[in-house]
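Positions in the sequence shown are counted from 1; adding 41 to them yields the working numbering.
Worksheet for the structure shown next.
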Amino acid sequence: MANPPCSAPAQLRRVLGLPALVFFGLVYMVPLTIFTTYGIVTELTGGRTAGAYLVTLLAMLFTATSYSFMVKRFPVAGSAYSYTNMAFGPNVGFLAGWSLLLDYLFIPMINYLLIGLFLNIAFPAIPAWAIVLAAIAVVTVLNVVGIHSVAKTSNLIVGAQIVFIGVFVALSWQGLAGQPVDLLAPLRGDGSAPGFATLMAGAAVLCLSFLGFDAVSTLAEECKDARRDVPRAIILTTLGAGLLFTVLAYVSQLVLPGSTFANTDAAANEVMMKAGGQFLANFFTAAFVAGSLGSALASQAAVSRILFTMGRDRVLPQRSFGYLSPRFGTPVFATLLVSAFSLLALVIDLATLASLISFGALVAFSAVNLAVVKTHLMDDVNQRTPLGLLRYGAVPLVGLSLTLWLWTSLSALTLVIGLCWFALGLAYLAVLTAGFRRPVQLVDFSETA
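In structure tokens form, the structure reads like this:
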């Protein structure tokens, strides 16, 4: 017999509107995030990072549309975990949430790693580990205080990065004026890594850049009108950020053609020095570090809410993970746990971290695309019209096909580690359900009625 749902679940505070959601998504994705893996993807694709972004954007638009469909029907926190839970039941939902945790737990970590890397370049006397620890402390305090502090900080950071982007494009345009420029080079590449397979491999890594639209869905229970504003914010965030990423990658390749760098992880510094000298390099460091700090704020907020939702469902220990601070209304234990996990930024490398994040994201994206078909077509006969079959059948199945294609383009090491993580979650689920003989207990999502 199924366990009864929990009564009177803890409630998050509704304070966010459409602009705050879009800015949250943008700051999570970080407008300058293309420089996080710019050197890695440029080398991998032979100078076709802009083309790789277009491929990823196409795949993500279909999946973002699936997220918008699901959040209209289920305006709750938990993202892919909640949607898969509603569509396929708690066991499959848990495995989707577990896979999603792989990228959400690593997103704050990659930001701390980048903050330490670039500030250490600017201030060599300060060790990178000390910078990382300081950043973790600041982000943790702000997230414990509440989502309002995260939203306000996000607005300032996005504004500063938009100013930098304007300066970067202007200086790049000025430097290229009067010089022979091959406008197709950023799409054609330098020939060092030809073929569509290498382009897809680069696109697969770039999936981590698009996690902002997924993060927006985790704030559904803190939005004033979730069914109206969250779907809009998801599409706006995906399209706007994707086009911005493509343009920045295109301009960067024009400024510094080729795919070889002195330091692949910090290739952005070479681009900035070529475009605007030391002034632009310093400006970039300040804007990029601010963006990484903002992304760490937003990503830690998102993953702590996924952990909170799983704790509220008693999939994870409810006393700890399902606890909200009486004073701040935030999931304190989950926030502190994410901070502790982020200490791995002191020892892990950037390329491995980026690939692992993309693995978890693609698994979760696939689950949400399937959830749309299940909830809107298989479970709802009223939607089986020509328009319904197009919206809730064709769109998510195209999104699923594209995400699976990107998934198979990841490296062998990433697939091994990701599948081991999935197996660990399956083993934990077997223990939790006494060998799959009883279902995971569900929370009463009152708003989904």
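Glycine included, C-beta positions come from ideal geometry on N, C-alpha and C.
Predicted, not measured: the structure shown is a model, and the values here were computed from it.
Indicate whether M127 and F115 have their beta-carbon atoms separated by less than 7 Å. As a first step, residue 127 must be located in the sequence shown, where it is residue number 86. As a first step, residue 115 must be located in the sequence shown, where it is residue number 74. Cβ atoms of M127 and F115: closer than 7 Å.
Does the ligand SAH have even one heavy atom less than 6 Å from the beta-carbon of L224? The ligand SAH is not part of the structure shown, which contains no ligands of any sort.
Restricting to Cα atoms, I'd like to know which of L454, V182, L387 and P427 is closest to L155. In the sequence shown, the residue the question calls residue 155 occupies position 114. Ranked by how close their Cα comes to the Cα of L155, the residues L454, V182, L387 and P427 have L387 in first place.
Which whole-angstrom value is the C-beta distance of A316 and F209, which I expect to be below 8 Å? Along the sequence shown, one-based indexing puts residue 316 at 275. Along the sequence shown, one-based indexing puts residue 209 at 168. Sure, about 6 Å apart at Cβ, within 8 Å.
Among the residues of its own chain, which have a CB less than 6 Å from the CB of G363, if the five just before and after it don't count? The count along the sequence shown starts at 1 and reaches residue 363 at position 322. Closer than 6 Å at Cβ, skipping near neighbours: G352 and R353.
G157 beta carbon less than 7 Å from that of V182: As a first step, residue 182 is located in the sequence shown; it is residue number 141 there, counting from the start. As a first step, residue 157 is located in the sequence shown; it is residue number 116 there, counting from the start. Cβ distance not < 7 Å, so V182 and G157 don't count as in contact.
Go ahead and pull the three-state DSSP assignment for L357. Numbered from 1 along the sequence shown, position 316 holds the residue referred to as residue 357. If DSSP states are grouped into helix, strand and coil, L357 belongs with coil.
Sub-7 Å separation of V82 and G332 beta-carbons: Start at 1 with the first residue of the sequence shown, and residue 82 comes out as number 41. Start at 1 with the first residue of the sequence shown, and residue 332 comes out as number 291. Not closer than 7 Å, so no.
I'd like the list of long-range same chain contacts for N152, defined as Cβ closer than 6 Å, with 5 residues on each side in sequence excluded. As a working note, residue 152 is residue 111 in the sequence shown. Only S333, S336 and A337 meet the Cβ criterion.
So, helix, strand or coil for L57, using DSSP? Against the sequence shown, residue 57 aligns to sequence position 16. In the structure shown, L57 sits in a strand (DSSP, three-state: E or B).
S213 and V292 - do their beta-carbons sit closer together than 7 Å? Locating residue 292 in the sequence shown gives position 251, where the first residue counts as 1. Locating residue 213 in the sequence shown gives position 172, where the first residue counts as 1. Yes, the Cβ-Cβ distance between V292 and S213 is below 7 Å.
Measuring alpha carbon to alpha carbon, tell me which of N323, D390 and W448 ends up nearest D306. For the purposes of this step, residue 306 is taken as residue 265 along the sequence shown, with counting starting at 1. Nearest C-alpha to D306: D390.
Going by beta-carbon coordinates alone, are M38 and L385 separated by less than 7 Å? No information on residue 38 is available, as it lies outside the stretch 42 to 490 that the chain covers here.
Nearest-angstrom Cα separation, counted from L321 out to G232: By one-based count along the sequence shown, residue 232 stands at place 191. By one-based count along the sequence shown, residue 321 stands at place 280. Rounded to whole angstroms, G232 to L321 spans 29 Å at the Cα level.
Under DSSP, the alpha helix (DSSP H) around S123 begins and ends at which residues? Stepping through the sequence shown from its first residue, residue 123 is reached at position 82. Counting along the chain, the alpha helix (DSSP H) containing S123 begins and ends at A121 to F129.
In angstroms with no decimal places, state the Cα-to-Cα distance between M101 and T279. If you number the sequence shown from 1, residue 101 lands on position 60. If you number the sequence shown from 1, residue 279 lands on position 238. Near 7 Å, if we compare the C-alpha coordinates of T279 and M101.
On the premise that A234 lies in contact with G87, defined as a C-beta separation below 8 Å, what is that separation, rounded to the nearest angstrom? Indexing the sequence shown from 1 puts residue 87 at position 46. Indexing the sequence shown from 1 puts residue 234 at position 193. That pair is a contact at about 3 Å.
Would you report the Cα separation of F382 and G299, rounded to the nearest angstrom? Along the sequence shown, read from residue 1 onward, the residue named residue 382 stands at position 341. Along the sequence shown, read from residue 1 onward, the residue named residue 299 stands at position 258. Here the alpha carbons of G299 and F382 stand approximately 37 Å from one another.
In angstroms with no decimal places, state the Cα-to-Cα distance between L284 and L95. Counting from one through the sequence shown, the residue named residue 284 turns up at place 243. Counting from one through the sequence shown, the residue named residue 95 turns up at place 54. Going by the C-alpha atoms only, they are around 8 Å apart.
Go to A105, then tell me how far its alpha helix (DSSP H) extends in each direction, as first and last residue. The count along the sequence shown starts at 1 and reaches residue 105 at position 64. Secondary structure note for A105: its alpha helix (DSSP H) is the uninterrupted segment T90 to R114.
Answer with buried or exposed for T125, where buried requires no fewer than 16 other C-beta atoms within 10 angstroms of its C-beta. For the purposes of this step, residue 125 is identified with residue 84 of the sequence shown, where counting begins at 1. Answer is buried; the Cβ neighbour count reaches 16.
Going by beta-carbon coordinates alone, are V436 and T106 separated by less than 7 Å? Along the sequence shown, read from residue 1 onward, the residue named residue 436 stands at position 395. Along the sequence shown, read from residue 1 onward, the residue named residue 106 stands at position 65. Yes; because the gap between Cβ atoms is below 7 Å, this pair is in contact.
Whole angstroms is fine: what's the gap from S140's alpha carbon to Q215's? Here residue 140 refers to the residue found at position 99 of the sequence shown. Here residue 215 refers to the residue found at position 174 of the sequence shown. Put simply, the backbone Cα of S140 is about 45 Å away from that of Q215.
Which listed residue (Y122, V246, M241 and G219) has its alpha carbon closest to that of A256: Here residue 256 corresponds to residue number 215 of the sequence shown, with the count starting at 1. It is Y122.
Coarse secondary structure for N44, derived from DSSP in three states: Taking the sequence shown and counting its residues from 1, the one referred to as residue 44 is at position 3. Residue confidence is low: N44 scores 45 on pLDDT, short of 50, so the model does not pin down where it sits. Its coordinate-derived value is still stated next. Coil, per DSSP.
Use the C-beta contact count for F486: other C-beta atoms within 10 angstroms, 16 or more gives buried, fewer gives exposed. Against the sequence shown, residue 486 aligns to sequence position 445. Any reading at F486 needs caution, since the residue's pLDDT is 40, under 50, leaving its predicted position unreliable; the model's value is listed next. It counts as buried.
G476: buried (16+ other C-beta within 10 angstroms of its C-beta) or exposed? As a working note, residue 476 is residue 435 in the sequence shown. Exposed, by the Cβ-count rule.
Decide yes or no for the touch test of the segment 237-252 against the segment 395-403: beta carbon pairs closer than 8 Å, at least 3 of them. Yes, they touch.
Flag this pair as yes or no: are the beta carbons of V112 and S340 separated by less than 7 Å? On the sequence shown, residue 112 is found 71 positions in, with the first residue counted as 1. On the sequence shown, residue 340 is found 299 positions in, with the first residue counted as 1. For V112 and S340, no; Cβs fall outside 7 Å.
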